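In the working numbering, the protein residues as written are 3 to 411. Every residue, glycine too, gets a C-beta built ideally from N, C-alpha and C. Since we're looking at a predicted model, the values are computed, not measured.
1) Once DSSP output is grouped into helix, strand and coil, what is the label at residue 165?
2) Measuring CB atoms only, is the region 67-75 touching the region 24-36, in the sense that at least three cross pairs come out at less than 8 Å?
3) If you count every other CB in all the chains shown that lies within 10 Å of the CB of residue 465, and 16 or more means buried, which is it?
4) Compute the Euclidean distance between the alpha carbons of residue 22 and residue 107, then round it to the nearest angstrom.
5) Measuring straight from C-alpha to C-alpha, what distance separates residue 158 and residue 130?
6) Who pairs with residue 391 in a beta bridge, going by DSSP?
7) Cα separation between residue 368 and residue 358?
8) With a CB to CB cut of under 8 Å and the five nearest residues on each side skipped, what residues in its chain are close to residue 65?
9) Using a Cβ-Cβ cut-off of 8 Å (strictly less than) and excluding sequence neighbours within five positions of residue 320, which residues of its own chain qualify?
10) Taking the alpha-carbon positions, what's the residue 349 to residue 17 distance?
11) Using 10 angstroms around the beta-carbon of residue 75, count the other beta-carbons present and answer buried if the total reaches 16, otherwise exposed.
12) To the nearest angstrom, report how far apart residue 388 and residue 92 are at their CA atoms.
13) What does a CB cutoff of less than 6 Å around residue 12 pick up in its chain, not counting 5 residues either side in sequence?
14) According to DSSP, simplified to helix, strand and coil, what is residue 143?
15) Quick one: give me the first and last residue of the beta strand (DSSP E) that residue 86 is part of.
16) Using the three-state DSSP reduction, which class does residue 352 fall into: helix, strand or coil?
17) Which same chain residues, not among the five before or five after residue 27, have their C-beta less than 8 Å away from its C-beta?
18) Count the other C-beta atoms from every protein chain shown that fall within 10 angstroms of the C-beta of residue 394, then say buried if there are 16 or more, exposed otherwise.
19) Using CA coordinates, which residue listed in 372, 352, 346, 385 is at the minimum distance from residue 365?
20) Within this structure, are the beta carbons of residue 392 and residue 336 separated by less than 8 Å?
21) Confirm, please, whether the CB-CB distance from residue 53 to residue 83 is below 8 Å.
22) Looking only at its own chain, which residues have a Cβ that is under 7 Å from the Cβ of residue 6, when we skip the five neighbours before and after it?
23) By DSSP, does residue 131 sit in helix, in strand, or in coil?
24) My assumption, with CB atoms under 8 Å, is that residue 414 sits in contact with residue 390. Please give the rounded CB distance.
25) Given a threshold of 16 other Cβ atoms within 10 Å of its Cβ, counted over all protein chains shown, does residue 9 qualify as buried or as exposed?
26) Locate the beta strand (DSSP E) running through residue 58, then write down its first and last residues.
27) Rounded to a whole number of angstroms, what is the C-alpha to C-alpha distance between residue 143 and residue 160?
28) Using only the alpha-carbon positions, how far apart do residue 2 and residue 339 sit?
29) Please confirm whether residue 323 and residue 343 have their CB atoms less than 8 Å apart.
30) From residue 149 to residue 132, what does the alpha carbon distance come to, in whole angstroms?
31) Quick check: residue 85 and residue 51, are their CB atoms within less than 8 Å of each other?
32) Going by C-alpha distance, which of 62, 81, 77 is nearest residue 87?
Here it is in C-alpha cells:
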C-alpha cells in the first residue's frame with residue numbers, strides 16, 4: 003500500500019455541490035505523510051479543479067491561514083467530476099488525484115426568453131390599463147354632464163312650482179293676469195329647457211367623438227411604441243457580438259501553471275485517459291478547429307496563423323507571410339490586439355457560440371454568434387486594448403452559454 007507524501011484533510015464542505023452554489027465554503031488542512039500540519043501561513047495558494055476528460059479547468063487563489071486553505075466556487079462551473087489540486091510554496095496537495103468534487107446541475111432560468119416575454123406582457127398590460135383609465139375618465143365626465151343637466155331641470159321645475167304656488171293665492175282675483183304670466187313663464191321654461199337639452203346633447207356627442215378619437219390615438223401611439231421597442235429588442239437579440247460584463251467564465255480563470263498543463267494535456271495524460279484519439283484523428287480535429295476560425299484567405303503553418311501580404315523590395319513586389327496570431331492547443335486561438343476596435347472574419351462548421359476574451363481584463367469577455375457562412379465582425383472595446391486575447395474555437399449551443407450570461411445564480 004502506497005502512502006501520499008502530502009495530504010488534504012477536509013475541514014468544511016463536502017464532495018458534491020450544486021452548480022449554482024457560490025456561497026458554500028470549502029476548507030482543507032495541509033498535511034504531511036504523518037498527518038502533521040505543514041506551516042505555510044501567509045503564502046498564496048493556487049487552487050484548481052480540473053477534468054482531463056473534458057479538458058476543463060477552474061482556478062482561484064487563497065492565502066494560507068492556520069495551515070488551512072479556504073475557498074468558494076464561482077457558481078457557474080460546468081456539471082461534472084473535478085480533481086482538486088492545491089499548490090503552495092512549492093508543494094502540491096494531495097500527492098494523488100483521489101480527491102474528487104462533483105458539480106451537479108441545479109435549477110436555472112432562461113434569461114433572454116424570460117426577459118422578452120415579460121416586457122411584451124408589460125406593454126400589453128400598460129396599454130390595457132391606459133385604455134381603461136381613459137375610458138373611466140370619459141365616463142366620469144359624461145356622468146358629470148348628466149348630473150348638471152338634472153340639477154338644471156330640477157331647479158327650473160322647482161322655480162315653476164314655487165311660482166305656481168305663489169300665483170295660486172292670487173288666482174281668484176288675477177286669473178287673467180295669472181294665465182298670461184303662466185303662459186309666459188312656461189314658454190320661457192320650455193325655451194330654457196330646450197336650449198339646455200340641445201347644448202347638453204351636443205356636448206355629449208362631442209365628448210363621445212373625442213372619446214373615440216382619444217382611444218384611437220392611444221391605441222396608435224401604444225402600437226407604435228410597442229412595435230418600436232420590440233423591433234429594437236429583437237435586433238439586440240440577433241446581434242452577432244454580445245458583451246458579457248462582469249461575469250466569470252467557467253474555463254478561463256487560469257494561472258500560468260494550469261495554462262501550461264492545458265497546452266501539454268495530450269502528452270501528460272496518455273496513460274490516464276481511456277480510448278485516446280489516434281494521431282491522425284487529432285490532426286483532423288485540429289484542422290476542423292482551424293476551419294472554424296478562418297476562411298480560405300488565412301493560412302497556418304505549425305502554430306502560426308498568417309495572411310499573405312505584399313511588399314516592394316529592390317524594385318520587386320514580393321508576397322510575404324504576415325503573422326496575425328498563434329494557435330493554442332486544445333481548441334483555443336491566441337491573437338494580439340493593439341487598438342480600441344478589433345475586426346475579424348469567422349466561418350463556422352455549424353451555427354453556435356464561441357467566446358473571445360482577455361486573460362487579464364475581466365471586462366473584455368464576449369460571446370459571439372457564428373454561422374456556416376463567412377461573417378465579418380467588429381468589436382468596439384470602448385478603450386485602447388493592448389495584449390493577447392483568446393478565441394475558444396469550439397461552438398457551444400445557446401443553452402450552455404446562457405449559464406455564462408445569467409446573473410443572480
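Taking the geometry as given:
1) The three-state secondary structure of residue 165, taken from DSSP, is helix.
2) Look at the beta carbons and you see the region 67-75 touching the region 24-36: at least three pairs across the two are nearer than 8 Å.
3) Because the chain is modelled from 3 through 411, residue 465 falls outside the range shown and cannot be assessed.
4) Inter-residue distance for residue 22 and residue 107 is about 8 Å (C-alpha atoms, whole angstroms).
5) Rounded to whole angstroms, the separation of the alpha carbons of residue 130 and residue 158 is 42 Å.
6) Per DSSP, 337, 360.
7) When rounded, the distance between both Cα atoms is 5 Å.
8) Excluding positions up to five away in sequence, the list reads 44, 45, 46, 47.
9) Same-chain partners within the cutoff: 312, 313, 314.
10) Rounded to whole angstroms, residue 349 and residue 17 show a C-alpha spacing of 41 Å.
11) Buried: at least 16 other Cβ atoms inside 10 Å.
12) Cα to Cα, the separation comes out at about 32 Å.
13) Within the same chain, Cβ atoms closer than 6 Å to the Cβ of residue 12 are found at 30, the five residues on either side in sequence being excluded.
14) In this structure, residue 143 counts as helix in the three-state DSSP scheme.
15) Note, residue 86: beta strand (DSSP E), 82-90.
16) For residue 352, the secondary structure class from DSSP, reduced to helix, strand or coil, is coil.
17) Taken in chain order, the residues that qualify are 14, 15, 72, 73, 74.
18) Residue 394 counts as buried, since at least 16 other C-beta atoms from the protein chains shown sit within 10 angstroms of its C-beta.
19) Checked all of 372, 352, 346, 385; the closest Cα to residue 365 is 385.
20) Yes, Cβ-Cβ distance for residue 392 and residue 336 is below 8 Å.
21) In this structure, residue 53 lies closer than 8 Å to residue 83 by Cβ.
22) For residue 6, same chain residues with a beta-carbon under 7 Å away, outside a window of 5 residues either side, are 35, 96, 97, 98 in chain order.
23) If DSSP states are grouped into helix, strand and coil, residue 131 belongs with the helices.
24) Residue 414 lies beyond the residue range present for the chain, which begins at 3 and ends at 411; the question has no answer from this structure.
25) Taking all protein chains shown into account, residue 9 has 16 or more neighbouring C-beta atoms within 10 Å of its C-beta and is therefore buried.
26) Start and end: 58-65.
27) Spanning the two alpha carbons is a distance of roughly 26 Å.
28) In the structure as shown, the chain begins at 3 and stops at 411. Residue 2 is therefore absent and cannot be evaluated.
29) The answer is no: Cβ separation not under 8 Å.
30) The C-alpha of residue 132 is placed about 26 Å away from the C-alpha of residue 149.
31) Yes; because the gap between Cβ atoms is below 8 Å, this pair is in contact.
32) Nearest to residue 87 by C-alpha distance, out of 62, 81, 77, is 62.
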